[in-house]
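In what follows, a single structure is set out as structure tokens and then discussed.
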Amino acid sequence: MLQQRLSNFETAKIFTAEELKRATNNYDEDRVLGEGGFGKVYKGILPNNEAVAIKKSKIGDETQTAQFINEIIMLLQINHRNVVKLLGCCLETEVPLLVYKFISNGTLFHHIHNTRRTSVLAWKLRLKIATETAQALAYLHSATSTPIIHRDVKSTNILLDDNYVANVSDFGASRLIPIDKNQLTTMVQGTLGYLDPEYFHSSQLTEKSDVYSFGVVLAELLTSKQVISFDKPEGERNLAMFFVAAVEQNCLFDVVDGDIVDEENVVELKQVANLAKRCLSVKGDQRPTMKEVANELEELQKLEKHPWEKSMISVKKGMHICLVHQTLMKQVVVLKVVSGVIQLLGMIACKTRC
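If you read the sequence shown in the UniProt record's numbering, its first letter stands for residue 1, the second for the next number, and so on.
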């Protein structure tokens with residue numbers, strides 16, 4: 001059945017189990033790129049020297065098989081520069097092996113929470129990554145024939161290449177939303193700290209659930225803090241709640257990562273923080289859409305790319321103030337002239353009477 005569906009997609013290649021075994025040097029532990037509840041991801045080298053990432057299940061139960069098949073079907077419908085590309089799969093194993101384009105520079109999580117802090121991910125790059133991720137999610141929600149909700153947006157699922165281009169990954173939990181509906185009742189699934197509280201309580205999955213999770217990623221990018229920290233005081237354990245409280249109390253720069261702040265980006269940081277706060281609204285209908293989020297970030301990135309536009313805005317403001325000042329000065333001069341004329345007429349009238 002799956003093979004029939006794959007035959008409809010010319011870009012999908014069917015790999016043999018032996019090919020992938022050779023590509024990973026028999027699944028050598030030195031080739032492991034990452035590991036999770038699903039299993040492991042290995043780096044593989046194909047005969048043409050192309051590097052790939054191979055996702056291999058840890059266990060072979062029906063749920064795992066269904067999730068892997070779901071991921072294949074989802075990714076074959078997606079064509080976006082900021083979504084990780086599925087090259088093909090292997091159907092000879094109990095659970096299909098998934099073969100992706102290899103993304104070379106690790107996860108966003110690694111770059112934000114690098115404990116060595118040998119280098120800090122600059123704000124300009126953070127804004128770029130946020131914008132690209134938002135564009136990918138907006139595409140999933142609105143540009144595909146049937147809307148796709150990712151359902152597990154988090155910094156470990158945003159991969160970066162050598163140019164720090166964002167690639168959204170891991171569609172195992174994703175769901176298609178029927179065109180005639182705007183929500184779906186599902187078993188709650190997601191990651192602690194990123195999970196939409198409205199979805200958690202109602203089991204009603206909507207596009208706004210991804211918006212909430214993306215808001216948490218924005219808070220991560222701004223603060224460089226872990227989304228859940230059980231070793232912190234109670235009010236600081238959940239980043240989303242802690243961040244929203246800081247913004248509401250005008251204490252944003254008490255929580256923002258000081259290494260990314262400079263005098264040029266203070267206003268920009270505030271704007272992104274306010275956007276994150278809106279994404280983190282408890283009620284989904286009070287959150288923006290991913291398209292609106294992407295548009296706002298795109299506008300901010302344009303200013304970041306072309307600082308002269310910021311200067312032009314400042315110049316225009318300065319010119320406006322200058323023109324207002326000139327107008328006021330002219331009015332003062334006119335009043336002085338009128339006052340002088342009145343005084344002169346008064347003196348003439350007095351002399352005439354005298």
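Using N, Cα and C, we set each Cβ at its ideal position, and we do this for glycine too. The model shown is predicted, which means the values in this text are computed figures rather than measured ones.
*DSSP three-state call for Cys89: helix, strand or coil?*
Correct three-state label for Cys89: strand.
*asked:* What does the Cβ neighbour count give for Gly215, buried or exposed, with the cut at 16 atoms within 10 Å?
replied: buried
*Nearest-angstrom Cα separation, counted from Phe38 out to Lys56*: Roughly 8 Å between the two C-alpha positions.
_Using a Cβ-Cβ cutoff of less than 8 Å, which residues in the same chain neighbour Ser229 once the five nearest sequence positions on both sides are dropped?_
Glu236, Arg237 and Leu239
*Would you identify the three-state DSSP class for Asn167, choosing helix, strand or coil?*
strand
*Using the Cα positions of Ile112 and Leu33, report the straight-line distance between them to the nearest angstrom.*
18 Å
*Assuming Leu218 contacts Ala276 (C-beta within less than 8 Å), just tell me the rounded distance between them.*
4 Å
*asked:* Please report the straight-line C-alpha distance between Asn26 and Ala51, rounded to a whole angstrom.
replied: 15 Å
*For Lys208, collect the residues of the same chain with a Cβ closer than 6 Å to its Cβ; drop the 5 residues on either side in sequence, then sort them by chain order.*
Gly284 and Arg287
*In whole angstroms, what separates the C-alpha of Asp257 from that of Leu222?*
Taking the straight line from one Cα to the other gives about 6 Å.
*asked:* Using only CA atoms, which one of Asn163, Gln249 and Asn250 lies nearest to Ser104?
replied: Asn163
_Nearest by alpha-carbon distance to Thr93: which of Leu108, Thr65 and Glu71 is it?_
If we check each option's Cα against that of Thr93, Thr65 comes out closest.
*Identify whether Gly34 lies in helix, strand or coil by the three-state DSSP scheme.*
strand
*Got a sec? Which residues, its chain only, sit under 6 Å from Trp123 by beta carbon, not counting five neighbours each side?*
The residues are Ile260 and Asn265.
*Quick one, which of His80, Ile69 and Phe243 has its alpha-carbon nearest Leu91's?*
Ile69
*Distance CB(Gly44)-CB(Leu20) smaller than 9 Å*: It is a contact, given that the beta carbons lie within the stated cut-off.
*Sufficient close CB pairs (3 or more, under 8 Å) joining the segment 197 to 205 to the segment 125 to 140*: no
_Rounded Cβ spacing between Asp152 and Thr107 (contact assumed at less than 8 Å)_ = Contact flag wrong, Cβ pair sits at about 13 Å.
*asked:* DSSP three-state label for Val244, please.
replied: Val244 falls in the helix class under three-state DSSP.
*Residue interval of the beta strand (DSSP E) (run including Gly193)*: Taken as a continuous stretch (DSSP letters only), Gly193 belongs to no beta strand (DSSP E), as it is neither H nor E.
*Closest by C-alpha distance to Ala245, when choosing among Asp262, Ser281 and Asp161*: Ser281
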